[in-house]
């Protein structure tokens, strides 16, 4: 096949491209320039989209003997990832920009351009697996190395995108093996540290970055009864489950820490309370999508509106490195808009609107939705 290898400048994507070459594919490397001013992105161990990363990707492509290009996706990245990040915080939600980048950039804009240029597939260094079911339909599964598994951040992929996705690191048992292979191949990125955190926030200070990109007006911190406890410096910069940085001048009556329970952007209020009130067991999700065929219970809905599917068993993950939790799920269509409903077998804490919930059955990724609301549907048991 003609394969376009997305090369971030890290060791994973370099080895993935090398394996694609070994498999006999006609491989071309491409690095995505995501900022017109790449100096504003992180450098060194913390980066993934900087000038030095593009040079590292070029060196790897040279070593592999494949063509290499840099494509400017900065406008799409700004609109689909950065502006979305700001809009989500303004709405009182906690977004995941890496999910949005995979959805809108790496497997939408990039794949769209690749197919238009005659490529058959896009290859990346993600740790995840694409397999075919008995009828030849593509499915997304967890990687062999669960410690490095990245299927969560790929939960936004659609059946069409899976048809054109290649993940050569799927069966690799450890990251150490990838580094050893890179060293054996003579790739200069063999010992390059992993990237992490948000690439477009240079110093890792999310609050400071938000202050520069939106109006963070002060407002009130209140308890669940509406009692005034103090003043915040911008509700949008808080997140559900936060404990530190509340700056409330007096302790709670029981002497225990307070946590952020809710962000109310319309009234510019931050609601705080005891930790046990963070417990939720029902989540509602918007903009659901399916990574391959939809579950049969969802497919049975057909085009029916104002209807709800039967529940089906799943495990659900709400963070990239979180533990999957047993649950049941169902899909409804209300006035034509799909909505995912998930009921957890056991309560979880610190789930915030804006996070992505990814559904699994075994190792298979079923799909995902953005959490719109989360609440407790069982009596809350006070901590002893």
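Numbering (the numbering used here), first residue to last: 2 to 385. A virtual CB, placed ideally from N, CA and C, is assigned to each residue, including glycine.
- Restricting attention to 352, 141, 137, 176, the CA atom closest to the CA of residue 240 is found in 352.
- Around the C-beta of residue 342, 16 or more other C-beta atoms lie within 10 Å, and the residue is accordingly described as buried.
- With respect to the 9 angstroms criterion, residue 318 and residue 305 are not classified as neighbours on the basis of their beta carbons.
- If you look at residue 138, you'll find it isn't in any alpha helix (DSSP H); DSSP assigns it neither H nor E.
- Non-local beta-carbon contacts of residue 89 in its own chain, meaning distances under 8 angstroms to residues more than five positions away in sequence, involve 95, 96, 355 in chain order.
- Using a Cβ distance threshold of 9 angstroms, residue 152 and residue 359 count as a contacting pair.
- As the crow flies, the alpha-carbon of residue 106 is around 13 angstroms from that of residue 85.
- At the C-beta level, residue 142 and residue 129 come within 9 angstroms of one another.
- If only complete runs of 4 or more residues are kept, the stretch 203-283 shows the alpha helix (DSSP H) at 207-214, in order along the chain.
- Excluding sequence positions up to five before and after residue 34, its CB lies within less than 8 angstroms of the CB of 50, 55, 71, 72, 73, 74, 75, all in the same chain and listed in chain order.
- For the stretch 21-91, the full-length alpha helix (DSSP H) segments reaching 4 residues or more read 52-65, 75-78, 84-91 along the chain.
- Spatial neighbours of residue 19 in its own chain (CB-CB distance under 7 angstroms, excluding positions within 5 residues in sequence) are listed in chain order as 65, 186.
- Listed in chain order, the non-local C-beta contacts of residue 311 below 8 angstroms within the same chain comprise 298, 301, 331, local neighbours out to five positions each way being set aside.
- Per the DSSP secondary-structure output, residue 159 pairs with nothing in a beta bridge.
- CA-to-CA, the gap between residue 7 and residue 237 works out to about 34 angstroms.
- Here DSSP, grouped into helix, strand and coil, assigns residue 106 to helix.
- Residue 296 is classed as buried because its beta carbon has at least 16 other beta carbons within 10 Å across all chains shown.
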